[in-house]
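Novice: Under the working numbering, the final residue of the sequence shown carries the number 105; numbering is consecutive throughout.
Have a look at this one.
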Amino acid sequence: MEMKLEQILEALLLSASRPLSINEILAAFEKKNLLLKMKFKRKLKTDRS
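Structural data, given as structure tokens:
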């Protein structure tokens, strides 16, 4: 189940105890994108075998 961008942003902002900087928000998205890419690559590998 994929979360919408707005939902992710909202969750980030709500969970933060202090205002987040743009860089911190972007870093969180980068991390999530990397995880998604890794999962996708792993899935491709398992599908091929």
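We treat Cβ as the ideally placed atom computed from N, Cα and C, and that holds for glycine.
Put Ala72 into one of helix, strand or coil per three-state DSSP.
Specialist: As a working note, residue 72 is residue 16 in the sequence shown. If DSSP states are grouped into helix, strand and coil, Ala72 belongs with coil.
Novice: Can you tell which of Arg98, Asp103, Gln63 has the C-alpha that lies nearest to the C-alpha of Ile81?
Specialist: Taking the sequence shown and counting its residues from 1, the one referred to as residue 81 is at position 25. The option with the nearest alpha carbon to Ile81 is Gln63.
Novice: I'd like the span of the alpha helix (DSSP H) that includes Glu86, first residue to last.
Specialist: As a working mapping, residue 86 is identified with position 30 in the sequence shown. 78-104 is the extent of the alpha helix (DSSP H) around Glu86.
Novice: Three-state secondary structure (DSSP) at Glu58?
Specialist: Position 2 of the sequence shown, counted from the start, is the residue given in the question as residue 58. Coil, per DSSP.
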